[in-house]
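Heads up: the structure comes next, in structure tokens.
Protein chains in written order, with our numbering: chain A, 306 to 505; chain B, 240 to 687; chain C, 851 to 1142.
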């Protein structure tokens, strides 16, 4: 009989415990449930954040890559640009205007060359240049100084007429004193009869 | 009767004689001999003998001077181009002098050598150790003394004394003066850069005048011989420098563009030069201080390379106003300009002879290259002086009118040459490393 | 001469005029025909035209033609000229013996004059001397005048036998002989003289060339005039009496000219064809400059 009571009591206790436990658990569960809900919320939020962060990171990564790519491309482009510019400049400096013997008249070929130079000068508005007039070695040294002067001025006039500011262009003559090619044949002489451009 | 007959006869005789003389005398006053014209001498060089000098005493010094002096004098006299010198260097048994005075000279002996002149030099050392040089010039054909001079100075000066004697000989025989005292300015790139140098008349005594390490061109002497004008790129532009040779003071004409081809006005401290600061290459007159006095030419094409006549009244220059470079002459008073050259498409570098009668210039003719020509300003005839020997440019006359210096590339590289005013005896003047160009002979000194 | 009576006054007048004109014409003809007979007009003397020779001229006779005319001794140097232009009348009587030539009749303007005048005397031929001789008549006359003068003197001298005059005569003869002929003139009749003249010209040219070869001159500028140097070359080629006859104004040319001649000594010996004792010649030295 006591046992049954004990069982009853124990059962009651157990049930009581269980109920307490359950209620605690329930409470926690309830609070658990709320907590669980909160937790879930939180978890969801965190998850979302994480995802977002990941997203962002990914985006950033992408952007960074993009930027890098862009930068690379820009650099590339700049390099190419610079190269182009250098080439244009070299072309400007190395392409000479050539003249017939004892002449300072501009041939059509010469004008084409000068047109290219005008383009470059327009693209580089800060640059000041010097036009050098040269002659081949035939003929009198003194006369060639004058002829070279005339050639330089002739080229300058064309540039000025094409719109380049006059104060950007200076002229000088070297006569026959600075030939490009010292051979004594028509090919060398033709090379030497020139107006040459120099940046100052 | 005889006396009477004699009287009558003589009267008649004298009458007839008188009449005959009248007949003959009517057309001419003296006896008429046929006169034949000789238009030109056969020889432009006078044969002259210069035998070994006579030392007055024994001794190595006089012997040395005699040996070197003979070579020096013979070369100097020969250099003028007007003498055919026999000096015993060619023939072994050349006659020797017995003495240096007329009484001791065996004229027929020298006449047999085929010479017209004889130069004798005697050397002695006086009490103070100075060298005494007695020089005489004899006319072998007419057997008389033409000129005698005595010089005294340090023994080391013997070359200078001989130069003075050679100068006297040249004047006595040809009327020309100033060769042996003259100097030449020229351009050479021996240092790697074109600089200006000066040397004596025979190419010796070279010294460097500019040290710009740039490009120096076109030296020009003032007529008093003290100033040199030239163009230099040392400041990056062809500027005109006017410098005093002693001391180096001077001015720079540095207008934008060209400041080139200076040419001094004879007897004045003024020069003409080509400037292009106004846009075209024209000739201006400047003071010796570099101030512009006047614009001389106004064509809108190239005007360059002025050269003044010895009296300063005319200026020759190069102009392209007719389409190609030709030589023009401007009268300084009337400012009238006339063209001188009509042959060929390229005529430049005019230079006057010291007597103003001739003009040398450079002409380029198709197929003939670049050569020097001489024009007679009275008649206009033109003679070509150089042929088939490379390019020949920059002619410049010696101040006595006997020689022309010029640049020639006949040896491959440009060098300085001289020739007589007739174009004969073309020989190299000097040789330095690199190329030498633009010889400019000094003028006969005139004070201003 | 019938008066035609007409009613018209004009017709009357016509007859009158006709009669008058006939009278006038008749008078006129009479004048023409008979006037010369009645009045002797003073016509000017006819200038005789040149007659063409139909016979070849004979040199000797022709040569003596002008000689006869002037009076030799009186000094009238102008006599040579009037010889040619003198009107024929004085010499006509002398010339008649030479009338082997056929005298051509002189033509006159009017026929009646011819018929009335007596036939004119044969007009002597006016010989075109000038075209047949290259020597100028003046020189010819000089020479012949001199020769005649000499002969006169010779005549007189022989009368006198004065040695002084004989010497003078000899001198005159040599003078005449050595009197130079201008270069290039043909001698014509004098054969011996011609050869000597040519040899002389040749020698002189050779001498001039020799001097030119020896002329060395290096002066500058040109003299206005040439230097004229006159000298004599003796038979053995030596130079004598060198004289600067005219200076060039440039001492250097003068000196060089003298030297050139003296350098050329000795000249080649004078050839025998030239009889003279010494040869005089002159040289004019001009430097035409470098550009000949």
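Ideal Cβ placement from N, Cα and C applies to all residues, glycine included. Here the structure is a predicted model, which is why all the values come from computation and not from measurement.
Discussion item. Measuring alpha carbon to alpha carbon, tell me which residue in B:439, B:427 and B:438 is nearest residue 454 of chain B.
Written reply: Position 215 of the second chain, counted from the first residue, corresponds to residue 454 of chain B. Cα-wise, what sits closest to residue 454 of chain B is B:427.
Worksheet item: By the criterion of Cβ-Cβ separation under 8 Å, what are the contact partners of residue 1134 of chain C in chain B?
Response: Along the third chain, one-based indexing puts residue 1134 of chain C at 284. Residues of chain B passing the Cβ test: 274, 275, 276 and 277.
Worksheet item: Which bits of chain A does residue 632 of chain B rub up against, with CB to CB less than 9 Å?
Response: By one-based count along the second chain, residue 632 of chain B stands at place 393. Going along chain A in sequence order, the residues near residue 632 of chain B (Cβ under 9 Å) are 444, 445 and 446.
Worksheet item: Which of the residues in the segment 353–381 of chain B, read from start to end, lie with their CB under 8 Å from any CB of chain C?
Response: 355, 378, 380 and 381
Worksheet item: Would a check of beta-carbon distances place residue 500 of chain B closer than 7 Å to chain A?
Response: On the second chain, residue 500 of chain B is found 261 positions in, with the first residue counted as 1. Chain A contact via Cβ: present.
Worksheet entry | Closer than 6 Å: residue 394 of chain A CB and nearest the ligand MN heavy atom | Here there are no bound small molecules, and the ligand MN is not part of this structure.
Worksheet item: Can you round the beta-carbon distance between residue 497 of chain A and residue 441 of chain A to whole angstroms, since I take them to be within the 8 Å contact cut?
Response: For the purposes of this step, residue 497 of chain A is taken as the residue at position 192 of the first chain. For the purposes of this step, residue 441 of chain A is taken as the residue at position 136 of the first chain. 4 Å between Cβ atoms; contact.
Discussion item. For residue 446 of chain A and residue 607 of chain B, what's the separation of their Cα atoms in angstroms?
Written reply: By one-based count along the first chain, residue 446 of chain A stands at place 141. By one-based count along the second chain, residue 607 of chain B stands at place 368. For residue 446 of chain A and residue 607 of chain B, the distance between alpha carbons rounds to 19 Å.
Practice prompt. Locate the beta strand (DSSP E) running through residue 586 of chain B, then write down its first and last residues.
Written response: Start at 1 with the first residue of the second chain, and residue 586 of chain B comes out as number 347. From DSSP, the beta strand (DSSP E) with residue 586 of chain B extends over 585–591.
Practice prompt. Would you mind reading off the limits of the beta strand (DSSP E) that contains residue 501 of chain A?
Written response: The count along the first chain starts at 1 and reaches residue 501 of chain A at position 196. Unbroken beta strand (DSSP E) run through residue 501 of chain A: 499–504.
Discussion item. Distance check for residue 544 of chain B and residue 319 of chain B, CA to CA, integer angstroms please.
Written reply: If you number the second chain from 1, residue 319 of chain B lands on position 80. If you number the second chain from 1, residue 544 of chain B lands on position 305. Rounded to whole angstroms, residue 319 of chain B to residue 544 of chain B spans 28 Å at the Cα level.
Worksheet item: By the criterion of Cβ-Cβ separation under 9 Å, what are the contact partners of residue 1066 of chain C in chain B?
Response: If you number the third chain from 1, residue 1066 of chain C lands on position 216. Near residue 1066 of chain C (Cβ distances below 9 Å), the residues of chain B are 280, 281, 282, 283, 284, 285, 286, 323 and 355.
Worksheet item: Among A:488, A:477 and A:500, which has the Cα closest to the Cα of residue 474 of chain B?
Response: Start at 1 with the first residue of the second chain, and residue 474 of chain B comes out as number 235. Residue 474 of chain B has its Cα closest to that of A:477, out of A:488, A:477 and A:500.
Discussion item. So residue 520 of chain B contacts chain D; which residues on that side make the cut at Cβ distance below 7 Å?
Written reply: Reference to chain D is not applicable here, since the protein chains of this structure are A, B and C.
Discussion item. For the beta strand (DSSP E) containing residue 577 of chain B, name the first residue and the last one.
Written reply: Counting from one through the second chain, the residue named residue 577 of chain B turns up at place 338. Note, residue 577 of chain B: beta strand (DSSP E), 576–578.
Worksheet entry | Proximity of residue 515 of chain B and residue 497 of chain B at Cβ, strictly below 7 Å | Indexing the second chain from 1 puts residue 515 of chain B at position 276. Indexing the second chain from 1 puts residue 497 of chain B at position 258. Yes; because the gap between Cβ atoms is below 7 Å, this pair is in contact.
Worksheet item: What first and last residue would you give for the alpha helix (DSSP H) that runs through residue 676 of chain B?
Response: Residue 676 of chain B sits at position 437 when you count from the first residue of the second chain. That residue, residue 676 of chain B, is in no alpha helix (DSSP H); its beta strand (DSSP E) goes 675–680.
Practice prompt. Return the residue from the list A:404, A:494 and A:417 that minimises the CA-CA distance to residue 500 of chain A.
Written response: Numbered from its first residue, the first chain carries residue 500 of chain A at position 195. Residue 500 of chain A has its Cα closest to that of A:404, out of A:404, A:494 and A:417.
Item to complete: Helix, strand or coil for residue 509 of chain B, going by three-state DSSP, please let me know.
Response: Numbered from 1 along the second chain, position 270 holds the residue referred to as residue 509 of chain B. Residue state, collapsed to three classes: strand.
Worksheet item: How long is the line joining the alpha carbons of residue 286 of chain B and residue 1106 of chain C, rounded to whole angstroms?
Response: On the second chain, residue 286 of chain B is found 47 positions in, with the first residue counted as 1. On the third chain, residue 1106 of chain C is found 256 positions in, with the first residue counted as 1. Cα-Cα distance, rounded: 12 Å.
Fill in: Exposure label - residue 548 of chain B; buried when at least 16 CB within 10 Å
As a first step, residue 548 of chain B is located in the second chain; it is residue number 309 there, counting from the start. Classification of residue 548 of chain B: buried, given that the 10 Å Cβ count is 16 or more.
Fill in: Through-space distance from residue 289 of chain B to residue 517 of chain B, alpha-carbon basis
Taking the first residue of the second chain as position 1, residue 517 of chain B is located at position 278. Taking the first residue of the second chain as position 1, residue 289 of chain B is located at position 50. Roughly 59 Å between the two C-alpha positions.
Practice prompt. Measure the beta-carbon distance from residue 411 of chain B to residue 385 of chain B and round it to whole angstroms, keeping in mind my assumption that it falls under 8 Å.
Written response: To locate residue 411 of chain B, count along the second chain from 1; it is residue 172. To locate residue 385 of chain B, count along the second chain from 1; it is residue 146. Right, the Cβ-Cβ distance comes to about 6 Å (below 8 Å), so this counts as a contact.
Fill in: Interface residues of chain B facing residue 1109 of chain C [CB-CB closer than 8 Å]
Position 259 of the third chain, counted from the start, is the residue given in the question as residue 1109 of chain C. The contacting residues are 355, 378, 380 and 381.
Item to complete: Give a yes or no on whether 7 Å exceeds the smallest Cβ distance from residue 482 of chain A to chain B.
Response: For the purposes of this step, residue 482 of chain A is taken as residue 177 along the first chain, with counting starting at 1. Taking Cβ atoms only, chain B reaches closer than 7 Å to residue 482 of chain A, which makes this a yes.
Discussion item. In whole angstroms, give me the CA-to-CA distance for residue 1066 of chain C and residue 381 of chain B.
Written reply: Working through the third chain from its first residue, we reach residue 1066 of chain C at position 216. Working through the second chain from its first residue, we reach residue 381 of chain B at position 142. Their Cα atoms are separated by approximately 14 Å.
Worksheet entry | Distance, residue 338 of chain B Cα to residue 622 of chain B Cα | For the purposes of this step, residue 622 of chain B is identified with residue 383 of the second chain, where counting begins at 1. For the purposes of this step, residue 338 of chain B is identified with residue 99 of the second chain, where counting begins at 1. If I take the Cα positions, the gap works out to 46 Å.
Item to complete: Flag residue 414 of chain B as yes if its beta-carbon sits less than 7 Å from any beta-carbon of chain C, otherwise no.
Response: Working through the second chain from its first residue, we reach residue 414 of chain B at position 175. Chain C contact via Cβ: present.
Discussion item. Distance check for residue 354 of chain B and residue 1046 of chain C, CA to CA, integer angstroms please.
Written reply: As a first step, residue 1046 of chain C is located in the third chain; it is residue number 196 there, counting from the start. As a first step, residue 354 of chain B is located in the second chain; it is residue number 115 there, counting from the start. So the alpha carbons of these two residues sit roughly 36 Å apart.
Fill in: Endpoints, the alpha helix (DSSP H) within which residue 571 of chain B is located
Along the second chain, one-based indexing puts residue 571 of chain B at 332. That residue, residue 571 of chain B, is in no alpha helix (DSSP H); it is neither H nor E in DSSP.
Worksheet item: Can you name, in chain order, every residue of its own chain whose Cβ lies under 6 Å from the Cβ of residue 426 of chain A, other than the five neighbours on each side?
Response: Position 121 of the first chain, counted from the first residue, corresponds to residue 426 of chain A. Closer than 6 Å at the Cβ level, and outside the excluded window around residue 426 of chain A, lie 469.
Discussion item. For residue 562 of chain B, list the residues DSSP reports as bridge partners.
Written reply: Indexing the second chain from 1 puts residue 562 of chain B at position 323. Per DSSP, none; premise fails for residue 562 of chain B.
Item to complete: Excluding the 5 residues preceding and the 5 following residue 481 of chain A in the sequence, name in chain order all residues of the same chain whose CB lies nearer than 7 Å to its CB.
Response: In the first chain, the residue the question calls residue 481 of chain A occupies position 176. 440, 441, 442, 446 and 449.
Discussion item. Between the segment 448–468 of chain B and the segment 492–512 of chain B, can you find at least three pairs of beta-carbon atoms closer than 8 Å?
Written reply: yes
Worksheet item: Measuring CA to CA, which of A:428, A:416, A:422 and A:406 is closest to residue 387 of chain A?
Response: If you number the first chain from 1, residue 387 of chain A lands on position 82. Nearest of A:428, A:416, A:422 and A:406 to residue 387 of chain A, Cα basis: A:428.
Worksheet item: Which two residues bound the contiguous beta strand (DSSP E) that contains residue 632 of chain B?
Response: Position 393 of the second chain, counting from 1, holds the residue named residue 632 of chain B. That run of the beta strand (DSSP E) goes 631–636.
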